[in-house]
Amino acid sequence: VAWAYGRKASTTTPRATEIFTFGPVVTADQFVKVVERAYKEQRLLTAGVASFDALSTSVARAVKLLACCLMLIILLEIYEVPTSAWLVPLGTGIITVALLAGSITSDFFESFYYAYITRPYDIGDRVLLSSPGSDPTMASLVVKNVFLVRTEFLNIAGQSLLINHSALNCMSISNLNKSGRMTMLFVLRVPVVTPVAKITSLCEAIKAYATEAATEWAAFDLLFDDIVNNEGHLSLKIWAESRFLAHEVVPIYEAKSRLVLFMHT
Numbered sequence: 001v002a003w004a005y006g007r008k009a010s011t012t013t014p015r016a017t018e019i020f021t022f023g024p025v026v027t028a029d030q031f032v033k034v035v036e037r038a039y040k041e042q043r044l045l046t047a048g049v050a051s052f053d054a055l056s057t058s059v060a061r062a063v064k065l066l067a068c069c070l071m072l073i074i075l076l077e078i079y080e081v082p083t084s085a086w087l088v089p090l091g092t093g094i095i096t097v098a099l100l101a102g103s104i105t106s107d108f109f110e111s112f113y114y115a116y117i118t119r120p121y122d123i124g125d126r127v128l129l130s131s132p133g134s135d136p137t138m139a140s141l142v143v144k145n146v147f148l149v150r151t152e153f154l155n156i157a158g159q160s161l162l163i164n165h166s167a168l169n170c171m172s173i174s175n176l177n178k179s180g181r182m183t184m185l186f187v188l189r190v191p192v193v194t195p196v197a198k199i200t201s202l203c204e205a206i207k208a209y210a211t212e213a214a215t216e217w218a219a220f221d222l223l224f225d226d227i228v229n230n231e232g233h234l235s236l237k238i239w240a241e242s243r244f245l246a247h248e249v250v251p252i253y254e255a256k257s258r259l260v261l262f263m264h265t
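So in this note's numbering, spot 80 of the sequence shown is number 80, and the numbers just go up one at a time.
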């Protein structure tokens, strides 16, 4: 806090007020929340490193096994031990098994590449899954564990969900932990018979609410984008930029609930 607001506050940190949203005065509740968040992030980071280390251990064992086989073949060639009599049938057998396995082999290598190289999320991240070009059909999921060929998620009800990486590779994934602040769209239907003065008063009241709830909302953009004559209303769209990051689901929906209740009254 002294770094952000003290006498020697750095001039190179223009976003200090966004990082320390509670201001230069910290209450006991705010201090507890910050400490709890720090411990939570530390636990998730430790779990993520452990998961990645487990994958690295599996890869290291596979590489060592291949290296030992290669060294054995080289030593046999050096001592002029005939290897063609068993090496060719062995290679043919391996290729045959791989072909008979069909998509299992390709799914395994695809899953390994997805978990070890692509890795669009880590343990503790909140993600949204959807088909490419479509909206998510499920609520956000939390990554519980990342295995070699599948990932374990927790849904909003706390239920475990296992999805193979070969299936995830065909999905669009929105990682909320790596996203910025949430922007939500609200649509109000204003009757066309409403006087202009009341419509102006409504817009000013909504903007005033943004100022009053500055700890929850950064800005409101109000746009009248359509007149629906057959239904007799104007379509007022409100783009509300939240102060909270996209993965902070509970604070976001608490603020959304208060905003909807205000617009209703």
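The beta carbon of each residue, even a glycine, is placed where N, CA and C say it ideally should be.
For Val142, the number of other beta carbons within 10 angstroms of its own is at least 16, and it is reported as buried. Straight-line spacing of the CA atoms in Gly232 and Glu36 works out to 51 Å. It is roughly 7 Å from the alpha-carbon of Arg150 to the alpha-carbon of Ser111.
If you keep only unbroken beta strand (DSSP E) runs of at least 3 residues inside the stretch 144–193, you get 150–154, 160–164, 172–175 and 181–191. Fewer than three beta-carbon pairs drawn from the stretch 204–211 and the stretch 170–183 are found closer than 8 Å, and the two stretches are therefore not classed as touching. DSSP places His264 inside the alpha helix (DSSP H), whose first and last residues are Val249 to His264.
From the listed residues Val196, Met263 and Val187, the smallest Cα separation to Asp226 is found for Val187. When C-alpha distances from Trp217 are compared across Ala197, Pro251 and Tyr114, the shortest belongs to Pro251. For Ser242, the enclosing beta strand (DSSP E) begins and ends at His233 to Leu245. With 16 or more other CB atoms across the displayed protein chains lying within 10 angstroms of its CB, Val127 is buried.
Cβ-Cβ separation between Gly124 and Gly48: approximately 7 Å, consistent with a contact (criterion under 8 Å). C-alpha of Met138 to C-alpha of Gly91: approximately 45 Å in a straight line.
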